[in-house]
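S.K.: Residue numbers are given in this note's numbering: position 10 of the sequence shown equals residue 210, and the series is strictly consecutive.
Backbone N, C-alpha and C fix where the C-beta goes; we use that ideal spot for every residue, glycine too.
Keep in mind the model is a prediction, meaning the values are calculated, not measured.
Below is a structure I'd like to ask you about.
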Amino acid sequence: MIKVENLTKRYAGQPAIQDLNFEVSQGEIMGFLGPNGAGKTTTMRILAGFMPPTSGRATVAGFDVFEQSLQARAHLGYMPENVPLYSDMRVTEYLNYRAALKGVQHRRIAERVGDVKELCGLKEVENKLIGTLSKGYRQRVGLADALLAEPDLLILDEPTIGLDPNQIRQVRELIKNLGRQHTILLSTHILPEVEMTCSRVIIIHKGRIEACDTPDNLLGKIRQAG
201 MIKVENLTKR YAGQPAIQDL NFEVSQGEIM GFLGPNGAGK TTTMRILAGF MPPTSGRATV
261 AGFDVFEQSL QARAHLGYMP ENVPLYSDMR VTEYLNYRAA LKGVQHRRIA ERVGDVKELC
321 GLKEVENKLI GTLSKGYRQR VGLADALLAE PDLLILDEPT IGLDPNQIRQ VRELIKNLGR
381 QHTILLSTHI LPEVEMTCSR VIIIHKGRIE ACDTPDNLLG KIRQAG
């Protein structure tokens, strides 16, 4: 579903990420674990087609994310770390608007919006202004937005950041449920997040991949090293 080959991005000559190589298989929940500034968001923005790499290549569903951006984007839903929601719009109104922007057929918009509201637990707040919602519900709106066009792949950048423990549990369960029907690449700086959610984990540090394995194997190596 995702293939990354020698992916590099430089800013003013300084590498944000360097020579990344990894693959994410269909149906997998892959964690992308690293501290702030490690290169997670840069990688995800490239994969989502919002930023060109300096060198290297990445494909989604076989399409180059830069040279075939429209085709690649048709297969993915992207939730950035800071979801750009419109505070003065109501939840249903916003999702209807976003569905139209994403090219969902007009006759199917109401159905798709209803489906994602149900899936993301938004029915009880569907008529509320987004600006009045808790951080947890705003994250759910961001997830619903990413799901509107029925993507095969979800790219989620720090989906639980800023949430309280109860909200984290709720969003974590939602992501695990979504993983039954979608391939997911999930970035976080929180180790328990990937341990409880992901089938495999990539560890990135200072723009380079340090390890890629199952959570259990990585935790075993960490304990042995300690």
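Using the Cβ count rule (16 or more neighbours within 10 Å means buried), how would you classify ARG423?
M.R.: On the sequence shown, residue 423 is found 223 positions in, with the first residue counted as 1. So ARG423 ends up on the exposed side.
S.K.: On a CA-only basis, which of ILE246, GLY227, ASP264 and ARG290 is nearest THR332? Give me that one, please.
M.R.: Start at 1 with the first residue of the sequence shown, and residue 332 comes out as number 132. Nearest C-alpha to THR332: ARG290.
S.K.: Starting from the Cα of SER387, find the closest Cα among LEU353, LYS240, THR254 and ASN206 and give me that residue.
M.R.: As a working note, residue 387 is residue 187 in the sequence shown. Here the closest residue by C-alpha is LYS240.
S.K.: Taking all protein chains shown into account, decide if TYR278 is buried (16 or more other Cβ within 10 angstroms of its Cβ) or exposed.
M.R.: Position 78 of the sequence shown, counting from 1, holds the residue named residue 278. It is buried - the Cβ of TYR278 has at least 16 other Cβ atoms within 10 Å.
S.K.: Name the residue from ARG245, GLU324 and TYR294 whose alpha carbon lies nearest to the alpha carbon of ALA310.
M.R.: Here residue 310 is taken as the residue at index 110 of the sequence shown, counted from 1. Residue TYR294 is the option with its Cα nearest to ALA310.
S.K.: To the nearest angstrom, how far is the alpha carbon of GLY314 from that of LYS209?
M.R.: Taking the sequence shown and counting its residues from 1, the one referred to as residue 314 is at position 114. Taking the sequence shown and counting its residues from 1, the one referred to as residue 209 is at position 9. Answer to the nearest angstrom: the Cα atoms are 39 Å apart.
S.K.: If you reduce the DSSP assignment to three classes, tell me which class VAL325 lands in.
M.R.: Taking the sequence shown and counting its residues from 1, the one referred to as residue 325 is at position 125. In the structure shown, VAL325 sits in a helix (DSSP, three-state: H, G or I).
S.K.: Just mark PRO284 as buried or exposed, buried being the case when its beta carbon has 16 or more other beta carbons within 10 Å.
M.R.: Within the sequence shown, residue 284 is the residue found at index 84, counting from 1. PRO284 is exposed by the Cβ-count criterion.
S.K.: Between the Cα of THR360 and those of MET251, ARG308, LEU353 and VAL341, spot the shortest distance and give me the residue it belongs to.
M.R.: Position 160 of the sequence shown holds residue 360. Of the candidates MET251, ARG308, LEU353 and VAL341, the one whose C-alpha sits nearest the C-alpha of THR360 is VAL341.
S.K.: Please determine if the region 401 to 415 and the region 213 to 224 are in contact, where contact requires at least 3 C-beta pairs separated by less than 8 Å.
M.R.: Yes, they touch.
S.K.: Please list, in chain order, all residues of the same chain as LEU356 whose beta carbon is under 6 Å from its beta carbon, the five residues on each side excluded.
M.R.: Taking the first residue of the sequence shown as 1, we reach residue 356 at position 156. Here the set comprises MET279 and LEU386.
S.K.: With distances taken Cα to Cα, identify the nearest neighbour of GLU318 among LEU374, ILE229 and ASN282.
M.R.: Counting from 1 along the sequence shown, the entry for residue 318 is found at position 118. Closest by alpha carbon: LEU374.
S.K.: With H, G and I counted as helix, E and B as strand and the rest as coil, what does DSSP make of ARG307?
M.R.: Indexing the sequence shown from 1 puts residue 307 at position 107. Helix at ARG307.
S.K.: Quick one, are the C-beta atoms of GLY321 and GLN381 less than 9 Å apart?
M.R.: Mapped onto the sequence shown, residue 321 falls at position 121. Mapped onto the sequence shown, residue 381 falls at position 181. Contact flag unset, no.
S.K.: Is it true that the CB of ARG273 sits closer than 9 Å to the CB of LEU207?
M.R.: For the purposes of this step, residue 207 is taken as residue 7 along the sequence shown, with counting starting at 1. For the purposes of this step, residue 273 is taken as residue 73 along the sequence shown, with counting starting at 1. Their beta carbons are not under 9 Å apart, which means LEU207 does not touch ARG273 by this criterion.
S.K.: From what residue to what residue does the beta strand (DSSP E) around ILE229 run?
M.R.: As a first step, residue 229 is located in the sequence shown; it is residue number 29 there, counting from the start. Element bounds for ILE229: 229 to 233.
S.K.: How many angstroms separate the CA atom of PRO253 from the CA atom of GLU267?
M.R.: The sequence position of residue 253 within the sequence shown is 53, counting from 1. The sequence position of residue 267 within the sequence shown is 67, counting from 1. PRO253 and GLU267: Cα-Cα distance of roughly 11 Å.
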